[in-house]
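Those sequence lines, one after another, are chains G and F. Residue numbers for the first sequence follow my numbering, beginning at 15 and rising by one. Residue numbers for the second sequence follow my numbering, beginning at 2 and rising by one. By construction, the Cβ of each residue, glycine as well, lies at the ideal position given by its N, Cα and C atoms. Source: prediction; values computed, not measured.
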Amino acid sequence: MTLTVKEARAGGGRTPLTGARRVRPPSRRGSRWTPWLYLAPALVVLGGLLVYPIYQLGLISFLEYTQAQVSGGEPTSFQGLANYAELFGDGQFWQVLLATVVFAAACVVCTLAVGCSFAVLLTRIRAVPRLALMLAALGAWATPAITGSTVWVFLFDPDFGPVNRVLGLGDFSWTYGRYSAFALVLLEVVWCSFPFVMVTVYAGIRAIPEEVLEAAALDGASQWRIWRSVMAPMLRPILVVVTIQSVIWDFKVFTQIYVMTNGGGIAGQNLVLNVYAYQKAFASSQYSLGSAIGIVMLLILLAVTLVYLRLLRRQGEEL
Amino acid sequence: MSTVREGTVRTVRTPRIRRPGRLAAEAGALLIAAAVAFPLYWMVLSAFKPAGEVQSTEPLPWTLHPSLDAFRRVFQQQDFGRYFLNSLFVAGVVVIASALIAFLAATAVTRFRFRFRTTLLIMFLVAQMVPVEALTIPLFFLMRDVGDAVPGIGLNTLGSLILPHLAFSLPFAIWMLRGFVKAVPEALEEAACLDGASRSRFLWQILFPLVFPGLVATSVFSFISTWNDFLFAKSFIISATENSTLPMALLVFFKPDENDWGGIMAASTVMTVPVLVFFVLVQRRLVSGLGGAVKD
């Protein structure tokens, strides 16, 4: 026993002051560096693969960086804000930005509406139907974005898909028109992202103590009143979390658009910022423009994050 | 928390009013479940249909001639098994490494008070929001440069997929694990310390097993995001197709003239079923894990 403890201590091993530690057992003073030791691997990984690339992204967005510079044929030159000027002067950029915001907002609203109403439904039913819905939702959740995309495209295929047969749409092509293509992607996105909202909100409702609801019912509160005055305030932190997560996920949708609309739709009609940046950078080798788009996305999501932090603060959450 | 208790309390409270409404709700739930599961059913069904039935303009929701042709095509022509193992390896390494690293980091930010602790927490939160896809460009150049120095992790290797995913799953994992580590009472640490356990012994033999359910829930997320990856595989594995992963293999069946839908559906099935099994296995832990994380 003593041996193992000693070994373990040797493993943790930088405190020779064992005596002192025994006197003040839960002491944190003797271990000023321990938290940093624990944090070191995470900080190394995040610093190298997140912070440094963000710095690089910003840097490239200020340079002239095309195939010539990548291959080392020409020296890189500092362009100042020229890339941003080019981007903001391009009508397509604003169109894509607008499409991204509207599409993401539609996805978030639909996902939350579906997720929350199914969560409430789950609390009203017995175990068997609840398990059925839960398993189906887990299945949709577990489906990788790329297979979800291929399956939905197949379901809505003009020639071989069952949906057009059932709806009697003949050989109507969903991916041909701009709005029908966006609608199809939206359906897939909602399908694979509502389960997270449903399960989280359901867990939140279940965590509300039964006594609180009973007390409200005994005091004569109606179902609606109980929902509005008791449950909604208690669920608010959870609703904030799922809303913010949905905003982030849906704003960054890439695979679905890329696969379902074949790289952004006919003549780029279904482009969103992510796919647009990818096409600019890797398809047309305009890495600087792609990076500038990346920075714009980063700033938008940073703004969302700041709103989130403020909401957390207001709820008095201790970080 | 238990299902039974909740059920009985609710029935006792309003037995007569609830019943017809509840039956309708249950029927609705079953219908919704069927609709939600339908795309997956259609995927598996189409994978087992013979080629003629898949490419039929009158698709039927069943098949009388199940066939393994599509699967055979997938595994024989496209070296799918290799891609499958690659995907599994990448996701496995990311899950294990991010669980261990996140566990240490979450312990640091919940059980210690130190300068910059709040700053770090906010940074982890902000890091979650970083649009991964936007970093593809700098990561591409980083991997290219690193590859010159350390061949094992440059472009065209599995390392170039593992490292970015590790970085992207860490902030969320740390954020989520925080709640679980916090939930372990301080008194336990004091008791362990009084009994003579060193810090690392407490960490691995007491705290780790207690936080394990949380680690499972967290791992589901890092597994999914890694298994899903399409963009990095597409951008970083340029010429070494033997290091490709499943999503890229799937795209092979898309052809400009006519898609091989049977092959696509069979490949999709092979890619989805392991995740499904994994999800069903950890289902309870996932739900309680999410509850624990959001309750904080």
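Burial state of Arg327/G, where buried means 16 or more other Cβ atoms lie within 10 Å:
For the purposes of this step, residue 327/G is taken as the residue at position 313 of the first sequence. So Arg327/G ends up on the exposed side.
Within the same chain, show all residues whose beta-carbon is closer than 7 Å to that of Arg83/F, passing over the 5 residues directly before and after it, in chain order.
For the purposes of this step, residue 83/F is taken as residue 82 along the second sequence, with counting starting at 1. Answer for Arg83/F: Glu243, listed in chain order.
Alpha-carbon to alpha-carbon, Phe169/F and Val133/F
Along the second sequence, one-based indexing puts residue 133/F at 132. Along the second sequence, one-based indexing puts residue 169/F at 168. Going by the C-alpha atoms only, they are around 7 Å apart.
Just to confirm, is the Cβ distance from Tyr272/G to Phe231/F under 9 Å?
The count along the first sequence starts at 1 and reaches residue 272/G at position 258. The count along the second sequence starts at 1 and reaches residue 231/F at position 230. Contact: yes.
Quick one: measure Cβ to Cβ for Thr273/F and Ser88/F, integer angstroms, because I've assumed they're closer than 8 Å.
If you number the second sequence from 1, residue 273/F lands on position 272. If you number the second sequence from 1, residue 88/F lands on position 87. Wrong, their Cβ atoms sit about 12 Å apart, outside the cutoff.
Which residues in chain F have a C-beta closer than 8 Å to the C-beta of Val165/G? List them in chain order.
Taking the first residue of the first sequence as position 1, residue 165/G is located at position 151. Within chain F, the residues near Val165/G are Pro40, Leu41, Trp43, Met44, Met266 and Ser269.
Between which two residues does the alpha helix (DSSP H) containing His166/F stretch?
Position 165 of the second sequence, counting from 1, holds the residue named residue 166/F. Counting along the chain, the unbroken alpha helix (DSSP H) around His166/F starts and ends at Gly160 to Ala184.
Would Gln70/G pass as a contact of Ser299/G if the rule is Cβ separation under 9 Å?
Start at 1 with the first residue of the first sequence, and residue 70/G comes out as number 56. Start at 1 with the first residue of the first sequence, and residue 299/G comes out as number 285. No, the Cβ-Cβ distance between Gln70/G and Ser299/G is not below 9 Å.
Can a CB atom of chain F be found closer than 9 Å to the CB of Arg36/G?
For the purposes of this step, residue 36/G is identified with residue 22 of the first sequence, where counting begins at 1. Caution is warranted here: a pLDDT of 43 is assigned to Arg36/G, below 50, making its placement in the model unreliable, and the coordinate value is therefore given only provisionally. Cβ-Cβ to chain F under 9 Å: yes for Arg36/G.
Just by C-beta distance, which residues in the segment 52 to 65 of chain G are closer than 7 Å to chain F?
Tyr52, Leu53, Pro55, Ala56, Val59, Leu60, Leu63 and Leu64
Give the interface partners of Asn229/F over in chain G, defined as CB-CB distance under 8 Å, in chain order.
For the purposes of this step, residue 229/F is taken as residue 228 along the second sequence, with counting starting at 1. Chain G residues near Asn229/F: Pro158, Ala159, Ile160 and Thr269.
Any idea if His166/F is buried or exposed, counting beta-carbon neighbours within 10 angstroms, 16 or more meaning buried?
Here residue 166/F is taken as the residue at index 165 of the second sequence, counted from 1. With 16 or more other Cβ atoms within 10 Å, it is buried.
Cα-Cα separation, Ala113/G to Ala174/F
Walking along the first sequence from the start, residue 113/G turns up at place 99. Walking along the second sequence from the start, residue 174/F turns up at place 173. Taking the straight line joining both Cα atoms gives about 31 Å.
Using beta carbons (cut-off 9 Å, strictly below), is Thr319/G in contact with chain F?
Position 305 of the first sequence, counting from 1, holds the residue named residue 319/G. Interface residue, yes.
Start and end residues, alpha helix (DSSP H) containing Tyr66/G:
Within the first sequence, numbered from 1, the residue matching residue 66/G stands at position 52. Here the alpha helix (DSSP H) through Tyr66/G covers Tyr66 to Ser75.
Indicate whether at least one CB of chain G lies closer than 9 Å to the CB of Gly8/F.
For the purposes of this step, residue 8/F is identified with residue 7 of the second sequence, where counting begins at 1. Residue placement at Gly8/F is poorly supported in this model, since its pLDDT is 41, which falls under 50; the coordinates still yield a value, given next. A Cβ of chain G is located within less than 9 Å of the beta carbon of Gly8/F.
Listed by chain order, chain G residues near Met316/F by CB distance under 7 Å
Because chain F in this structure spans residues 2 to 297, residue 316/F falls outside the shown range and cannot be described.
Residues near Leu251/F by beta carbon distance below 7 Å, same chain, minus five either side:
If you number the second sequence from 1, residue 251/F lands on position 250. Excluding sequence neighbours, Leu251/F sits near Ile265, Ala268, Ser269 and Met272.
Starting from the C-beta of Val118/G, find all residues in its chain whose C-beta is less than 6 Å away, skip the five residues before and the five after it, and write them out in chain order.
Here residue 118/G is taken as the residue at index 104 of the first sequence, counted from 1. The question names Val, but residue 118/G in the sequence shown is Ala. Excluding positions up to five away in sequence, the list reads Asp264 and Phe265.
Measuring only from the beta carbon, is Ile252/G closer than 8 Å to any heavy atom that is part of the ligand COA?
Because no ligand of any kind appears in the structure shown, any question about the ligand COA cannot be addressed here.
From Leu171/F to Phe186/G, what does the alpha carbon distance come to, in whole angstroms?
The residue you call residue 171/F lines up with position 170 of the second sequence. The residue you call residue 186/G lines up with position 172 of the first sequence. Each residue's Cα considered, the two are about 44 Å apart.
For the alpha helix (DSSP H) that Arg242/G lies in, which residues bound it at each end?
Here residue 242/G refers to the residue found at position 228 of the first sequence. Note, Arg242/G: premise wrong, no alpha helix (DSSP H); not H, not E.
Helix, strand or coil: which one does DSSP assign to Glu187/F?
Here residue 187/F corresponds to residue number 186 of the second sequence, with the count starting at 1. Residue state, collapsed to three classes: helix.
Among the candidates Met148/G, Ser302/G, Leu287/G and Val310/G, whose CA atom is the shortest distance from the CA of Gln106/G?
Mapped onto the first sequence, residue 106/G falls at position 92. Of Met148/G, Ser302/G, Leu287/G and Val310/G, the residue nearest in Cα terms is Leu287/G.
Identity of the residue in Gly61/G, Leu183/G, Val261/G and Leu73/G nearest Phe208/G by Cα:
The residue you call residue 208/G lines up with position 194 of the first sequence. For the residues Gly61/G, Leu183/G, Val261/G and Leu73/G, the minimum Cα distance to Phe208/G belongs to Val261/G.
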